[in-house]
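Q: Mapped onto mature numbering (1 follows the signal peptide of the UniProt record, and there is no 0), the consecutive letters of the sequence shown carry residue numbers -23 to -1, 1 to 154.
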Amino acid sequence: MLYIFHRPVALALLAALALPAAAAPDKIWRCGNEYTNQPGDAKARGCKLVEGGNLTVIEGLKPQGGARTAAAASRPGAAAPAARSEAERVDSAEQRARDADARAILEAELRKAEARQAELRQEYQGGEPEPRPEELRHPTLHQQRSAALKEQLARVDADVAALRRELARLAPAPDRK
């Protein structure tokens, strides 16, 4: 008996027969923390066959030689950090100028935060803000605005306290004559 196939049917049949062989995954071996499909002498290396499901391994970044973690820095007996090179050092006059700039920026931020704090305290009026016309008709709007003002005031108070702590931490301001 002679079978005659149409070319598209024959190609589809061949593709269907080849699909299971191509889709079947190779055997995956785990050798310690390494996964491979070419274990070589698997028994000597202590490799084990991984069974069930697909496996995807994504390589992580290799740590840099000079990088140190916080845990390594806190260990007793850990090496001290390397001294700064001459190119990284800043002369004392430039450092004083940088410190003065940092202090000026923090003082400006503190003045803005204190001004905002004064505005909010005046509007909040100790928990009883003056109701707006639309809030007279809808008391819940007044309660919502009061709660929002209270939250804003708490945030600004925290900002002012943080800026004051940061200024206290900086070196004292140089005497201006």
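By construction, the Cβ of each residue, glycine as well, lies at the ideal position given by its N, Cα and C atoms.
1) Between the alpha carbons of aspartate 78 and glutamate 84, how many angstroms are there, rounded?
2) Return the first residue and the last residue of the alpha helix (DSSP H) that leucine 97 is part of.
3) Spatial neighbours of histidine 119 within its chain, please: CB distance less than 6 Å, with the 5 preceding and 5 following residues excluded, ordered by chain position.
4) How should leucine 147 be labelled, buried or exposed, when 16 other C-beta atoms within 10 angstroms of its C-beta is the threshold for buried?
5) Spell out a yes or no on whether the segment 128 to 135 and the segment 83 to 102 are touching, meaning 3 or more CB-CB pairs, one atom from each, closer than 8 Å.
6) Alpha carbon to alpha carbon, what distance is there between valine 67 and proline 110?
7) Going along the chain, which residues of its own chain have a beta-carbon closer than 8 Å to the beta-carbon of glutamate 143, five neighbours each way excluded?
8) Which full runs of the alpha helix (DSSP H) of 4+ residues lie inside the segment 117 to 141, going along the chain?
9) Mind checking leucine 140: buried by the 16 CB within 10 Å criterion, or exposed?
10) Is it buried or exposed for alanine 90, if we count other Cβ within 10 angstroms and need 16 for buried?
11) Sorted by chain position, which residues of the same chain lie with C-beta nearer than 6 Å to glutamate 86's C-beta, five sequence neighbours on each side aside?
12) Between the alpha carbons of alanine 125 and alanine 64, how many angstroms are there, rounded?
13) Just tell me which of Ala74, Pro40, Pro149 and Arg22 has its CA closest to the CA of glycine 9.
A: Based on what the coordinates show:
1) 10 Å
2) 69 to 101
3) Pro108 and Glu112
4) exposed
5) yes
6) 60 Å
7) Leu83
8) none
9) buried
10) buried
11) Leu140
12) 51 Å
13) Arg22
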